[in-house]
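Residue numbers (the working numbering): -10 to 59.
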């Protein structure tokens, strides 16, 4: 579990922001959300495959030139 040390004379809001940033970098929240409910192995593979296909389509769309409109 990541933690931070609150510096002397540091505002609480700044410390919370730093803590949120460290949590985001370590990926604790995303792992927690993914483990919140049990997901069958086949459903997990299917979800990951769909995400990979979507990423590939997005990458291909950004690489191709737009059609000429004249």
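Cβ coordinates follow ideal geometry from the N, Cα and C atoms, glycine included.
Collapsed DSSP secondary structure at residue i in the structure displayed
i, result
"residue 8", "helix"
"residue 3", "helix"
"residue -3", "coil"
"residue 36", "helix"
Endpoints, alpha helix (DSSP H) assigned at residue i
i, result
"residue 22", "17 to 23"
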